[in-house]
Structures are given as structure tokens and as C-alpha cells.
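Peer 1: Numbered by our numbering, the letters in the sequence shown go through residues 25 to 270 in order.
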Amino acid sequence: MTSIVGVYCEDGVVIGTDSSTTFGDGITPTIEQPSEKLKIIGDRIIIAGTGQVGLGQRFISVVQKEHEGRVLEGKSGLEVAKIFSRKAIDDFLETHAPANSYGALVAYPTGSKSNLCEFAVKDFQPEMKNENIWYVSMGSARFITDTFLAFIREVFWNNGIPNVNDAIFAVYWTLQHAVAINPGGVNDPIRIAVLDKTSGKLRARILDDEDLFEHQENIDECKHVLRELQDKHQPEHESSHSIPEV
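#1: Which value, in whole angstroms, describes the spacing of the CA atoms of Asp-212 and Val-29?
#2: Note down the Cα distance separating Phe-148 from Pro-259, rounded to an integer number of angstroms.
#3: Identify every residue that forms a DSSP beta bridge with Ala-131.
#4: Under 8 Å between the Cβ atoms of Ala-202 and Ser-44?
#5: Nearest to Trp-197 by CA position, among Asn-139, Ser-59 and Ile-216, is which residue?
#6: Can you look up Ala-174 in the DSSP assignment and give me helix, strand or coil?
#7: Under 8 Å: do the stretch 245 to 255 and the stretch 84 to 104 share three or more Cβ pairs, one atom per stretch?
#8: Could you say if the stretch 68 to 76 and the stretch 173 to 193 meet the contact criterion of at least three C-beta pairs nearer than 8 Å?
#9: Please look up how many angstroms separate the CB atoms of Ile-14 and Val-160, rounded, as I've assumed it's under 8 Å.
#10: Beta-carbon within less than 8 Å of Ile-274's beta-carbon, same chain only, minus the 5 sequence neighbours each way: which residues are those?
#11: Is the beta carbon of Ile-65 sitting closer than 8 Å to the one on Gln-81?
#12: Can you name the start and end residues of the beta strand (DSSP E) that Gly-36 belongs to?
#13: So Gly-40 packs on Ile-214, CB below 8 Å; how close in whole Å?
#14: Below 8 Å on the Cβ atoms is my contact criterion, and I expect Gly-127 with Val-145 to pass it. Report the Cβ-Cβ distance as a whole number of Å.
#15: Hey, Tyr-32 and Trp-181 are a contact pair by Cβ (cut 8 Å); roughly how many whole angstroms apart?
#16: Taking the C-alpha atoms as reference points, what is the distance between Asn-156 and Glu-34?
#17: On the three-state DSSP scale, how would you describe Ile-214?
#18: Output the boundary residues of the alpha helix (DSSP H) element that contains Val-249.
#19: Assuming Ser-125 and Gln-76 form a contact by the criterion Cβ under 8 Å, report the distance between their Cβ atoms to the nearest whole angstrom.
#20: Going by the DSSP bridge assignment, what does Thr-222 pair with across the sheet?
#21: Figure out for me which residue from Glu-60, Arg-94, Pro-133 and Met-162 has the closest Cα to the Cα of Arg-227.
#22: Could you name the residues of the same chain whose beta carbon sits closer than 6 Å to that of Lys-1, not counting the 5 residues immediately before and after it, in chain order?
#23: Classify Thr-222: buried if its beta carbon has 16 or more other beta carbons within 10 angstroms, exposed otherwise.
#24: Taking C-beta to C-beta, are Gly-93 and Val-188 nearer than 8 Å?
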């Protein structure tokens with residue numbers, strides 16, 4: 025089981041995942057163990073998938089091959105997404121893999137532009153995220169992450185698309201919430217990757233604990249402020265044992 029969150033930003037892309045893999049027959053889970061769900065290809069492409077692990081391995085192989093063939097050069101973000109989709113579907117059909125078995129979020133640069141594409145679990149068709157629809161979640165905890173992202177948008181993103189730093193905060197908090205309240209199969213550690221400008225070029229990297237420390241402090245501060253507001257707005261009840269003045 026998996027929880028993935030992606031945000032298209034004004035200055036890059038953020039993708040985060042939990043780190044739990046569940047073994048089983050697709051109906052009854054048997055064991056659960058930590059695993060790395062983020063893949064960086066050539067420090068330019070981020071992949072996070074949900075569904076059958078074997079199909080994920082094959083999709084990574086497809087993207088790796090296309091990257092080696094310079095697929096990112098001289099094309100639009102949508103053109104690249106269509107190539108990834110077509111090549112992956114062709115690969116899946118070689119072994120008659122059924123639809124609704126695998127989906128992914130992929131971040132990559134084309135020229136000076138960053139791109140975030142959702143490849144739907146239902147049919148692996150690409151959908152580009154943009155200034156109008158800039159966040160997405162996938163996986164078994166989607167009913168939790170979607171609603172929390174709606175809260176994030178109303179409170180923090182009411183003026184529109186965020187920057188990378190604000191998106192890291194939102195993705196980290198959303199995944200923490202999913203880990204805390206999901207019924208099973210979504211667990212720590214939370215892993216976050218970003219595609220942003222490093223040394224003047226768009227590069228992909230996975231954040232470490234030190235990178236996330238400030239965001240954890242900000243999440244804790246937000247919770248503290250909300251608790252203080254709750255206390256502030258409690259009604260004051262006159263004690264039933266007070267003695268009236270004469």
C-alpha cells in the first residue's frame with residue numbers, strides 16, 4: 025500500500041511518499057516492511073509509483089531508457105509524458121498486465137520548465153499539473169490525503185500556486201497526517217524529493233532529515249497555534265459554587 029503526494033510549484037516540483045510495502049496476494053496482506061518508493065533518474069527525473077511493484081520496476085526501466093535516449097531534449101512536457109505513457113503501456117501489454125494495476129507521479133524538466141505528470145492507475149493516461157490544478161495524491165490513503173490537501177489549499181494556498189519551500193511543508197504535513205490515521209499499510213519514514221534549480225539548472229534530489237527539520241518545527245508551531253486558539257475561544261462559565269453578592 026502506498027501514499028504519494030505531488031505539488032507543481034512556481035519554481036519546481038515536490039513529490040513525497042510513505043515508505044511501506046505490503047506483501048500479499050492483492051486481497052489479503054501478509055507482511056509489511058519499509059522500502060524506498062522514490063526513484064531519481066540522472067538527477068533530472070523523479071518517479072513515485074503505486075500498485076504492482078513489478079510494473080513499477082518496468083516503468084522505471086522504460087523511463088531510464090528514454091532518458092538515455094535524450095527524451096527530455098527539444099520537447100514539451102506533454103510530449104514527453106505521452107512518450108512515457110505509450111512506451112510503458114506497450115511494455116505492460118507484452119505480458120498482458122491488466123489495467124488498474126499501476127500508476128505513477130513523475131517530475132522532470134523540459135528546457136527551463138519543470139513538469140509534474142500524473143499517470144492514472146485506471147489506464148496510465150497522462151495528466152499534466154499546472155497553475156490551475158497543481159496538487160495530486162495517489163495510493164491507498166488518497167481519501168485521507170485529498171481532503172487534507174483541500175484544507176491546505178484553503179488555508180495556505182488561497183492566493184494560488186505555492187513555491188517549493190511551502191510545498192515541502194504541505195507535503196510533509198499531509199503525509200504525516202496519513203501515516204497517523206490510516207487503517208494500515210502507510211507508514212514512516214516519510215520521503216520527499218524535489219525538482220528545483222541547483223547551480224542554475226533544474227535538478228532532482230531527495231531531502232534528508234536535516235532538510236526537513238525546519239518544516240517539522242513549522243508543523244509543530246501550527247498545531248500549537250491551533251490549540252491556543254481553541255483554548256482562547258472556550259466559553260467562560262460562572263462557577264455554580266460562587267456566592268452571589270448582596
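Cβ coordinates follow ideal geometry from the N, Cα and C atoms, glycine included.
No experiment lies behind these values; they were computed from the predicted model shown.
Peer 2: Result, derived from the coordinates:
#1: In the sequence shown, the residue the question calls residue 212 occupies position 188. In the sequence shown, the residue the question calls residue 29 occupies position 5. Going by the C-alpha atoms only, they are around 14 Å apart.
#2: Walking along the sequence shown from the start, residue 148 turns up at place 124. Walking along the sequence shown from the start, residue 259 turns up at place 235. The straight-line gap from Cα to Cα measures roughly 53 Å.
#3: Here residue 131 is taken as the residue at index 107 of the sequence shown, counted from 1. Per DSSP, Ile-70 and Leu-140.
#4: The sequence position of residue 202 within the sequence shown is 178, counting from 1. The sequence position of residue 44 within the sequence shown is 20, counting from 1. No. Outside cutoff.
#5: By one-based count along the sequence shown, residue 197 stands at place 173. It is Ile-216 whose Cα lies nearest to the Cα of Trp-197.
#6: Counting from one through the sequence shown, the residue named residue 174 turns up at place 150. The answer is helix: DSSP assigns Ala-174 an H, G or I state.
#7: no
#8: No, because fewer than three Cβ pairs between the stretch 68 to 76 and the stretch 173 to 193 fall closer than 8 Å, the two stretches do not touch.
#9: Nothing can be reported for residue 14: it is not among the residues displayed for the chain, which extend from 25 to 270.
#10: In the structure as shown, the chain starts at 25 and stops at 270, and residue 274 therefore has no counterpart that could be examined.
#11: In the sequence shown, residue 65 corresponds to position 41, counting from 1. In the sequence shown, residue 81 corresponds to position 57, counting from 1. In this structure, Ile-65 lies away from Gln-81, with their beta-carbon atoms at least 8 Å apart.
#12: Within the sequence shown, residue 36 is the residue found at index 12, counting from 1. For Gly-36, the uninterrupted beta strand (DSSP E) run begins and ends at 36 to 41, by DSSP.
#13: Mapped onto the sequence shown, residue 40 falls at position 16. Mapped onto the sequence shown, residue 214 falls at position 190. Rounded to whole angstroms, the Cβ separation of Gly-40 and Ile-214 is 6 Å, and the two are in contact under 8 Å.
#14: Numbered from its first residue, the sequence shown carries residue 127 at position 103. Numbered from its first residue, the sequence shown carries residue 145 at position 121. Their Cβ separation, rounded to whole angstroms, is 3 Å, which keeps Gly-127 and Val-145 in contact under 8 Å.
#15: Here residue 32 is taken as the residue at index 8 of the sequence shown, counted from 1. Here residue 181 is taken as the residue at index 157 of the sequence shown, counted from 1. Their Cβ separation, rounded to whole angstroms, is 12 Å, which puts Tyr-32 and Trp-181 out of contact at 8 Å.
#16: In the sequence shown, counting from the first residue as 1, residue 156 sits at position 132. In the sequence shown, counting from the first residue as 1, residue 34 sits at position 10. Distance from the CA atom of Asn-156 to the CA atom of Glu-34, rounded to whole angstroms, is 12 Å.
#17: As a first step, residue 214 must be located in the sequence shown, where it is residue number 190. Correct three-state label for Ile-214: coil.
#18: Here residue 249 corresponds to residue number 225 of the sequence shown, with the count starting at 1. 233 to 256 is the extent of the alpha helix (DSSP H) around Val-249.
#19: Looking up residue 125 in the sequence shown gives position 101. Looking up residue 76 in the sequence shown gives position 52. Contact holds; Cβ gap of about 5 Å.
#20: Counting from 1 along the sequence shown, the entry for residue 222 is found at position 198. In the DSSP output, where bridge partners are listed per residue, Thr-222 has Lys-225.
#21: Within the sequence shown, the letter at position 203 stands for residue 227. Closest in C-alpha terms to Arg-227, from the list Glu-60, Arg-94, Pro-133 and Met-162, comes Pro-133.
#22: Since the first residue shown for the chain is 25 and the last is 270, residue 1 is missing from the structure and cannot be characterised.
#23: Reading the sequence shown from its first residue, position 198 is the one you call residue 222. By the 10 Å Cβ count, Thr-222 comes out exposed.
#24: For the purposes of this step, residue 93 is taken as residue 69 along the sequence shown, with counting starting at 1. For the purposes of this step, residue 188 is taken as residue 164 along the sequence shown, with counting starting at 1. Cβ distance not < 8 Å, so Gly-93 and Val-188 don't count as in contact.
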